[in-house]
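Residue numbers (our numbering): 15 to 920.
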């Protein structure tokens, strides 16, 4: 490394005049003797960075109560940050210098002299500070104070079940409360009734109400569960309510145009003429209900359940309808603990030699269900020995010294997490309450931040994916949905866990979540900054020279007030995530952010990107989905490290009647981007096939506006991609035929296939189904005229599907799901199928189905025959069908027959 760096920097000397060289050496004589010594200095400081990083991982703040140790660790962390910055700066400019073809212009010489002189100055300052940190340790700290957590060296097995499954299964000690709330729901009073369930965090308010809601919602014509949280917006809350109660008349853009009054009128119309059940979960102030209570007035048998931690919110209900939860009794707490800690033993029984310790641990949790689940989950992955459990108990006792029991439990769980996972875990706290993370976005963010790096034969993305799975297994993140391969699709962080994360992040100088009114009080050296949903019109002067990450989702008022100073001052910025913000322009100064690796502009109003994007040589992810950008700048092909290009624009389905999105024009010389893994979505062009040949790392490819003449070359090229796993093919219009005979994928990883357009061969006698069909897990077909029953045609070729969607497919009048078809299918979507009059479901068909969505089959006037046989069903939606459908549904008593379905919408 030293020789390579020395060669790079020595090029400066070769291009400087003798006079300039002497001036440079004189300037640095008391610091770095010669610019040629700089590479060695950088290499040396890099070794210091690795050592400091190890120290920070071993001695995290939650593991020590000694203030001297915490302060010293803080100093080491600050030094590690400074070293990381100077290394990034040096690496970038050294590479740029090496790429220079000529340096004849004087300003180029002067520029590099200035840059490397500044780096040398910074290294000298850092070295002096490191010496001071070492001296302080030797003077004030004893060796015994720096002994790592003994549990960190114990080999563990990770839990096998997710937190969500635990919450659903471990309903312990709430039977009486459940009966009480249920009784209030069915009181004789015909007017609206408000029920509140209150208590401190971790007592299981949401679990109790969710249990009641899932059991009783089938008895209400309208029902909805709405998470409110601390930072709610009135209009957003009303929009959410309208969507939850089944509004299908308004598109997303139309809902955005409705004001408060319009939304209230629409909701009242929906609620009239029936009984309804609403749950407002996690309400922090009275206004969250009082501002919307008008929609519930004058409704008969309307029930509203509110969960809250605040007593003044609980007072919204009459005293006889207020339930204040208390901690679990010891027996119930012990049973809950054993279910979690000994889930893999017969009857979840505690071993006799651990009973005393188990009881002591449960007592320390003081009846808080979340705390009990957390400590039980952690212990389930530790060896069931008295020594290990006793060590855990001793640490727990110290953590609980401040009587903040839940924080102590969660702190211990955090401290038990390996160092490489902590950064990933803390990162999730930068996002808002109840934020749902997609697996892909988290993986890309963690890779951009260098939390996950390639290991052995695994890519950085694969390593990050493993980190996510482990965090879920440790119950630190909660699964919301899984994809067709059984991987987590979306996940979230529990509110209480997020509070802990924010506390730790602030203490460890990891990052901060602020509103912008308090930005003036922030540390200017903050590394990661989050402020989401900002609506303040007050101008903000933001100067954060060390900022690495900016997460600012949903900024509404004057986003340029935030962006302009940060893009001009925060030279080390690595991640810029502005999803759902009102930003319209990306300043050209973004091209100066040499360290930028992730740009997220999804669902913003940006219309174009500056040409300076081409200067971002480290950029890995560019997400501009659902923006107004029509064309990428020419310079994008100079971003050689780009891995994920997400650039489609969604269209209005009702207007287009065909495409859901519009792809981008593929940039010329697309083949330069040889590291691309994701390409979504580009328009087909004459030379696209030729450009794609060189992109051998592509895993996901989405192509729009394909013409019949493009198929042969384009599909042949796609077939040769060795890593292809996801493929979308969309014709230029609904009449354009796609010839699938040329699609013969060599990649056995191709499991997701989306086809939108006519097929030249509608019998499925083509290689993608004949030869590759068994590898497909996800299949979505639109605008295909199969004419026959698609289930009969598809089932023999794609037996391993877990997801199937048929949209605007011309088919037979009667569809039959016969016994044995699609044995692994979990989700079935039938949408806009004009010919279908009848749907039959045989016994033992779809044995694993969890979600069935039948939407806009306007000739379907009968309840699907045999639908009650789908015993694994969890979600059922039957919307916009023939006008006689609902009458048939109620006449046949289907509501009662389908009582086992948690989410049912008719």
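Ideal Cβ positions, reconstructed from N, Cα and C, are used throughout, including at glycine. Keep in mind the model is a prediction, meaning the values are calculated, not measured.
What separation, rounded to the nearest whole angstrom, lies between the Cα atoms of residue i and residue j?
i, j, result
"residue 779", "residue 807", "10 Å"
"residue 237", "residue 316", "10 Å"
"residue 626", "residue 441", "28 Å"
"residue 855", "residue 750", "33 Å"
"residue 282", "residue 445", "33 Å"
"residue 431", "residue 306", "42 Å"
"residue 883", "residue 463", "49 Å"
"residue 541", "residue 586", "9 Å"
"residue 235", "residue 800", "37 Å"
"residue 415", "residue 913", "Only weak support exists for where residue 415 lies, its pLDDT of 41 falling under 50; the coordinates are left without a value."
"residue 481", "residue 487", "10 Å"
"residue 505", "residue 383", "21 Å"
"residue 859", "residue 560", "59 Å"
"residue 815", "residue 910", "30 Å"
"residue 598", "residue 643", "10 Å"
"residue 183", "residue 374", "Summary for residue 183: the model assigns pLDDT 44, below 50, so the residue's position carries little reliability; its value from the coordinates is reported in the next sentence. Rounded to whole angstroms, residue 183 to residue 374 spans 24 Å at the Cα level."
"residue 546", "residue 675", "27 Å"
"residue 641", "residue 821", "25 Å"
"residue 521", "residue 249", "35 Å"
"residue 376", "residue 474", "40 Å"
"residue 764", "residue 239", "37 Å"
"residue 344", "residue 192", "19 Å"
"residue 148", "residue 98", "19 Å"
Confirm the yes/no value for this check: CB of residue i, any heavy atom of the ligand NAD, distance under 6 Å.
i, result
"residue 503", "The ligand NAD is not among the ligands present in this structure, which contains no ligands whatsoever."
Tell me whether residue i is buried or exposed, calling it buried when 16 or more other Cβ atoms sit within 10 Å of its Cβ.
i, result
"residue 866", "buried"
"residue 334", "exposed"
"residue 784", "exposed"
"residue 907", "exposed"
"residue 341", "buried"
"residue 79", "Confidence is the limiting factor: at residue 79 the pLDDT is only 47, short of 50, which leaves the residue's position unreliable and the question unanswerable from this model."
"residue 581", "buried"
"residue 36", "Low confidence applies to residue 36: its pLDDT is 43, below 50, so where it sits in the model is not reliable, and the reading given next is rough at best. It counts as exposed."
"residue 429", "buried"
"residue 49", "Below a pLDDT of 50, predicted positions are generally treated as unreliable, and residue 49, at 49, falls in that range; the measurement from the model is reported next regardless. Residue 49 is buried by the Cβ-count criterion."
"residue 677", "buried"
"residue 492", "buried"
"residue 903", "buried"
"residue 287", "exposed"
"residue 365", "exposed"
"residue 495", "exposed"
"residue 279", "exposed"
"residue 694", "buried"
"residue 363", "exposed"
"residue 803", "buried"
Would you say residue i and residue j are within 7 Å of each other, going by their C-beta atoms?
i, j, result
"residue 864", "residue 888", "yes"
"residue 733", "residue 759", "yes"
"residue 525", "residue 517", "no"
"residue 327", "residue 292", "no"
"residue 795", "residue 823", "yes"
"residue 260", "residue 385", "no"
"residue 241", "residue 296", "yes"
"residue 825", "residue 849", "yes"
"residue 226", "residue 196", "yes"
"residue 608", "residue 104", "no"
"residue 591", "residue 568", "no"
"residue 696", "residue 731", "no"
"residue 498", "residue 811", "no"
Are three or more beta carbon pairs between the stretch 628–647 and the stretch 455–464 nearer than 8 Å?
-> Counting Cβ pairs under 8 Å, three or more are found: they touch.
Is the stretch 644–654 touching the stretch 680–687 in the sense that three or more CB pairs, one from each, lie closer than 8 Å?
-> The stretch 680–687, when compared against the stretch 644–654, does touch it at the 8 Å Cβ threshold.
May I ask you to verify whether the stretch 743–759 touches the stretch 717–729, counting CB pairs closer than 8 Å and requiring at least 3?
-> Result yes; three or more Cβ-Cβ pairs closer than 8 Å.
Determine, using beta-carbon pairs with one atom in the stretch 751–758 and one in the stretch 723–742, whether at least three such pairs fall under 8 Å.
-> Taking 8 Å as the limit for Cβ pairs, the verdict is that the stretch 723–742 does touch the stretch 751–758.
Within the stretch 819–875, note down every full alpha helix (DSSP H) run reaching 4 residues or more, in order along the chain.
-> Listed in chain order, there is nothing to give.
Cβ contact (3+ pairs, closer than 8 Å) linking the stretch 352–360 and the stretch 303–315 = Fewer than three beta-carbon pairs drawn from the stretch 352–360 and the stretch 303–315 are found closer than 8 Å, and the two stretches are therefore not classed as touching.
In chain order, which beta strand (DSSP E) runs of at least 3 residues are fully inside the stretch 777–816?
-> Within the stretch 777–816, the runs of beta strand (DSSP E) that reach at least 3 residues and sit entirely inside it are, in chain order, 792–796.
Secondary structure, beta strand (DSSP E): runs of 3+ residues fully inside the stretch 713–767 = Whole beta strand (DSSP E) segments, 3+ residues: 714–720, 740–745.
Which ranges does the beta strand (DSSP E) cover as unbroken runs of at least 3 residues, wholly within the stretch 328–364, from first to last along the chain?
-> For the stretch 328–364, whole beta strand (DSSP E) runs of length 3 or above, ordered along the chain, are 336–338.
Please specify which runs of the alpha helix (DSSP H), each continuous and at least 4 residues long, are wholly inside the stretch 188–263, giving them in chain order.
-> The stretch 188–263 contains these whole alpha helix (DSSP H) runs: 189–199, 219–230, 248–258.
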